[in-house]
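Novice:
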Amino acid sequence: DHEITIEAVDDVLLRGTLTLAGAMLVKAGDDVTVKGTQLLAQGAGQRLAFEAGDALTFGSTVSDEGAQIAADTALEARAGGLITVERNAKLYAGGDASRIALRAGDILLLGSVDGGASYTQPPAGAPASQPGSVTWTGTGAAVDLSATRSVRVGDDTAADPEQRIGGSVRASGAITVQAGAGSTGVGVFLGTKTSVIASATGQFRSTETATWSEAAAGADASVSLRADGAVRMHGEVTAFDTGADITVSS
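Heads up: the sequence shown begins at 44 in the working numbering, then just goes up one per residue.
1. Is S141 closer than 8 Å to G158 when the C-beta atoms are compared?
2. Find out if the Cβ-Cβ distance for the pair A71, A95 is shorter than 8 Å.
3. Which residues bound the alpha helix (DSSP H) around A260?
4. Between Q221, D74, P174, W255, which has its C-alpha nearest V266's C-alpha?
5. So, does the CB of A270 fall closer than 8 Å to a CB anywhere in chain C?
6. Got a sec? Which residues, its chain only, sit under 8 Å from G234 by beta carbon, not counting five neighbours each side?
7. Could you tell me if G102 is buried or exposed, where buried requires 16 or more neighbouring beta carbons within 10 angstroms of its beta carbon?
8. With a threshold of 6 Å on Cβ separation, who are the neighbours of F232 within its own chain once the five nearest residues in sequence on each side are excluded?
9. According to the Cβ coordinates, are T76 and G59 closer than 8 Å?
10. Decide yes or no for the touch test of the stretch 255 to 269 against the stretch 283 to 292: beta carbon pairs closer than 8 Å, at least 3 of them.
11. Less than 6 Å between C-beta atoms, sequence neighbours within five positions excluded: which residues of the same chain meet that for T48?
12. Helix, strand or coil: how does DSSP classify Q173 here?
13. Output yes or no for whether 8 Å exceeds the beta carbon distance between A201 and V177.
14. Are W255 and T182 touching if we call contact CB-CB under 8 Å?
15. Hey, would you say D97 sits closer than 8 Å to D73, going by beta carbons?
16. Could you spell out the range, first to last residue, of the beta strand (DSSP E) harbouring L83?
17. Going straight from the alpha carbon of L268 to that of G168, what length do you get?
18. Please list, in chain order, all residues of the same chain as D271 whose beta carbon is under 6 Å from its beta carbon, the five residues on each side excluded.
19. Grouping DSSP H, G and I as helix and E and B as strand, with all else coil, what is E50?
20. Would A122 pass as a contact of L99 if the rule is Cβ separation under 8 Å?
21. Look up K133 in the DSSP assignment and give the residues it is bridged to.
22. Buried or exposed: where does D203 fall if 16 or more other Cβ atoms within 10 Å of its Cβ makes it buried?
23. Hey, would you say G107 sits closer than 8 Å to L125, going by beta carbons?
24. Give the list of continuous beta strand (DSSP E) stretches no shorter than 3 residues that lie fully inside the stretch 161 to 222.
25. Return the CA-CA distance between G156 and E50, expressed in angstroms with no decimal places.
26. So what does L99 bridge to, in DSSP terms?
27. So the candidates are D53, V52, R90; which of them puts its Cα closest to the Cα of G65?
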């Protein structure tokens with residue numbers, strides 16, 4: 044099912060710019076690290092999958108070792124241990140009814156996950172500091188974050204509120220966050236600088252213009268946060284379009 048497979052008994056480190064014409068699977072018996080990377084598989088029906096026996100990390104604590112990971116139909120990541128999306132990592136799935144799914148023992152999200160968005164690289168010859176562009180291209184896209192223990196979006200450990208780290212989850216369809224309970228009894232944690240926003244019309248702020256009408260968007264968007272342990276929300280949780288739902292259960 045995958046045109047390209049990268050598999051290792053121990054670790055995989057993936058770096059560089061890859062624009063793919065098919066689906067790819069990256070699999071390691073221990074850790075997978077994806078950093079300093081633009082990995083784009085945005086042709087019709089293209090998918091990306093990552094599997095790690097232990098830890099799976101997108102991006103890096105080093106500022107210029109980020110990751111732009113984009114698929115059309117599905118971006119799936121599984122880890123036996125911790126999945127980390129660092130603050131300089133961004134995950135996209137741009138097709139209609141596409142899906143981003145992260146499943147692990149624990150998930151720490153400090154970057155962004157956008158279901159229904161596509162990434163375009165800067166033009167040739169652009170300065171290295173120039174970012175690419177993001178456009179909302181897919182209706183009814185889902186984001187699914189599932190952990191045996193905890194899902195943490197953002198990091199509030201810094202005493203100075205200005206030094207705290209955010210994280211962002213957006214989707215044009217359903218956002219589902221499901222967890223057990225971590226060592227502190229918390230299953231789902233959303234930090235003070237985080238945002239979790241679902242919008243079927245592709246409008247994620249009141250100052251923005253909708254990408255699609257309510258009729259063209261189809262089903263209403265939704266946000267569901269569920270945990271066996273506590274659910275602690277200190278940031279923004281919004282279901283933007285008419286008829287959208289937010290469900291929280293602990």
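Cβ coordinates follow ideal geometry from the N, Cα and C atoms, glycine included.
Specialist: Let's see:
1. What you label residue 158 is simply residue 115 of the sequence shown in a count that begins at 1. What you label residue 141 is simply residue 98 of the sequence shown in a count that begins at 1. Yes, the pair counts as a contact, with Cβ atoms nearer than the cut-off.
2. Residue 71 sits at position 28 when you count from the first residue of the sequence shown. Residue 95 sits at position 52 when you count from the first residue of the sequence shown. Their beta carbons are under 8 Å apart, which means A71 touches A95 by this criterion.
3. Position 217 of the sequence shown, counted from the start, is the residue given in the question as residue 260. A260 -> alpha helix (DSSP H) spans 257 to 260.
4. On the sequence shown, position 223 is the one that residue 266 refers to. Minimum Cα distance to V266 is reached at Q221.
5. This model lacks chain C altogether; it includes just one protein chain.
6. Walking along the sequence shown from the start, residue 234 turns up at place 191. Excluding five sequence positions before and after G234, the CB atoms of its chain that fall closer than 8 Å to its own CB belong to R195, V196, G197, D198, D199, R207, I208, G209, G210, H277, G278, given in chain order.
7. The residue labelled residue 102 in the question sits at position 59 within the sequence shown. That one is buried.
8. Mapped onto the sequence shown, residue 232 falls at position 189. So the list reads R195, R275, once near-sequence residues are dropped.
9. Mapped onto the sequence shown, residue 76 falls at position 33. Mapped onto the sequence shown, residue 59 falls at position 16. It is not a contact, given that the beta carbons lie outside the stated cut-off.
10. A contact exists between the stretch 255 to 269 and the stretch 283 to 292.
11. Translated into positions along the sequence shown, residue 48 becomes position 5. Excluding the 5 residues flanking it on each side, T48 has same chain C-beta neighbours closer than 6 Å at L68, in chain order.
12. The residue labelled residue 173 in the question sits at position 130 within the sequence shown. In the three-state DSSP reduction, Q173 falls in the coil class, being neither helix nor strand.
13. Along the sequence shown, read from residue 1 onward, the residue named residue 201 stands at position 158. Along the sequence shown, read from residue 1 onward, the residue named residue 177 stands at position 134. For the 8 Å CB-CB criterion, A201 and V177 do not form a contact.
14. Taking the sequence shown and counting its residues from 1, the one referred to as residue 255 is at position 212. Taking the sequence shown and counting its residues from 1, the one referred to as residue 182 is at position 139. In this structure, the beta-carbon distance from W255 to T182 falls below 8 Å.
15. Stepping through the sequence shown from its first residue, residue 97 is reached at position 54. Stepping through the sequence shown from its first residue, residue 73 is reached at position 30. Going by C-beta atoms, D97 is nearer than 8 Å to D73.
16. As a first step, residue 83 is located in the sequence shown; it is residue number 40 there, counting from the start. It spans 75 to 84 - the beta strand (DSSP E) in which L83 sits, taken as one unbroken run.
17. Taking the first residue of the sequence shown as position 1, residue 268 is located at position 225. Taking the first residue of the sequence shown as position 1, residue 168 is located at position 125. Our two residues, L268 and G168, have alpha carbons roughly 43 Å apart in a direct line.
18. The residue labelled residue 271 in the question sits at position 228 within the sequence shown. Result list for D271: G223, A224, G230, in chain order.
19. Here residue 50 refers to the residue found at position 7 when the sequence shown is read from its first residue. Strand, per DSSP.
20. In the sequence shown, counting from the first residue as 1, residue 122 sits at position 79. In the sequence shown, counting from the first residue as 1, residue 99 sits at position 56. Yes; because the gap between Cβ atoms is below 8 Å, this pair is in contact.
21. Taking the sequence shown and counting its residues from 1, the one referred to as residue 133 is at position 90. BP columns for K133 point to Q111, S155.
22. As a first step, residue 203 must be located in the sequence shown, where it is residue number 160. D203 comes out exposed.
23. Your numbering for residue 107 matches position 64 in the sequence shown. Your numbering for residue 125 matches position 82 in the sequence shown. One point to set straight first is that residue 107 is Asp, not Gly, in the sequence displayed. It is not a contact, given that the beta carbons lie outside the stated cut-off.
24. Entirely contained in the stretch 161 to 222, the beta strand (DSSP E) runs reaching 3 residues are, in chain order, 176 to 179, 185 to 196, 210 to 214, 217 to 222.
25. Position 113 of the sequence shown, counting from 1, holds the residue named residue 156. Position 7 of the sequence shown, counting from 1, holds the residue named residue 50. Per the sequence shown, the amino acid found at residue 156 is Val instead of Gly. Distance between V156 and E50, taken at the CA atoms: about 25 Å.
26. Translated into the one-based positions of the sequence shown, residue 99 becomes position 56. Partner(s): V75, I126.
27. Position 22 of the sequence shown, counting from 1, holds the residue named residue 65. Checking every option, the nearest Cα to that of G65 belongs to R90.
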